[in-house]
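Position 96 of the sequence shown, counted from 1, bears residue number 96 in full-length UniProt numbering, the numbering being contiguous throughout. From the three backbone atoms N, C-alpha and C, an ideal C-beta is built for every residue, glycine too.
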Amino acid sequence: MDQVDPAKVEKTARHPRNNTDWPKVGIFAQRGKNRPNQMGATICRVLKVDGIQLHLEGLDAIDGSPVLDIKPWVAEFAPRGEVFQPQWITELMRSYWRS
Numbered sequence: 001m002d003q004v005d006p007a008k009v010e011k012t013a014r015h016p017r018n019n020t021d022w023p024k025v026g027i028f029a030q031r032g033k034n035r036p037n038q039m040g041a042t043i044c045r046v047l048k049v050d051g052i053q054l055h056l057e058g059l060d061a062i063d064g065s066p067v068l069d070i071k072p073w074v075a076e077f078a079p080r081g082e083v084f085q086p087q088w089i090t091e092l093m094r095s096y097w098r099s
């Protein structure tokens with residue numbers, strides 16, 4: 001996200017992945033990289049620490065992105081109660097991690 005050209009930062013609503021079957025939503029309703037704040041947060045697994053290099057699994061970021069902080073997963077900070085997720089996100093994520 002830190003590598004995104006400032007001219008490509010999204011400031012208006014758009015269809016996620018430019019799929020017109022999905023509703024137009026703002027960038028903060030998506031996990032797109034063209035964010036005004038150029039930061040993201042994700043849950044991942046630390047595989048190895050080698051000096052200042054981290055080897056991670058499941059990190060949703062561009063290769064080489066700086067990691068600003070690492071925190072443990074704590075269940076008490078997870079969402080409480082039922083989580084609502086729009087259908088378009090379920091469709092988008094169906095094949096998200098497949099290579």
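In the DSSP assignment, Val49 is bridged to Leu54. With 16 or more other Cβ atoms from the protein chains shown falling within 10 Å of its own Cβ, Pro16 counts as buried. By the neighbour-count criterion, in which 16 or more other beta carbons inside 10 Å mark a residue as buried, Gln3 falls on the exposed side.
Residue range 87-93 is occupied by the alpha helix (DSSP H) that includes Gln87. Distances from the CA of Ala75 to each of Phe28, Val25, Pro23, Ile43 were compared; the closest alpha carbon is that of Ile43.
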